[in-house]
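Residue numbers (full-length UniProt numbering): 1 to 64.
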């Protein structure tokens, strides 16, 4: 199920992050706002097409 897959992914993600940190790695969080602003005109063009707009909405909802 989707809920199971999500929990499994979260565990794998947490485990691999912990492993990377244990090996001296650093997890860097990226500020997405500047990128989003740079590509906003592209998204605006996509939203003119109803099918592409629906797809973008699904992506945005999944990213939250």
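Each residue gets a CB set at the ideal place from its N, CA and C atoms; glycine is no exception.
Everything numeric in this text was worked out from a predicted model, so none of it was measured.
With respect to the 7 Å criterion, residue 27 and residue 36 are not classified as neighbours on the basis of their beta carbons.
Secondary structure at residue 11: helix, using DSSP grouped into helix, strand and coil. The C-alpha of residue 58 lies about 23 Å from the C-alpha of residue 29. Where residue 44 is concerned, the enclosing alpha helix (DSSP H) starts and stops at 33–46.
When the five nearest sequence neighbours on each side are left out, the beta carbons in the same chain lying within less than 8 Å of the beta carbon of residue 21 are those of 27, in order along the chain.
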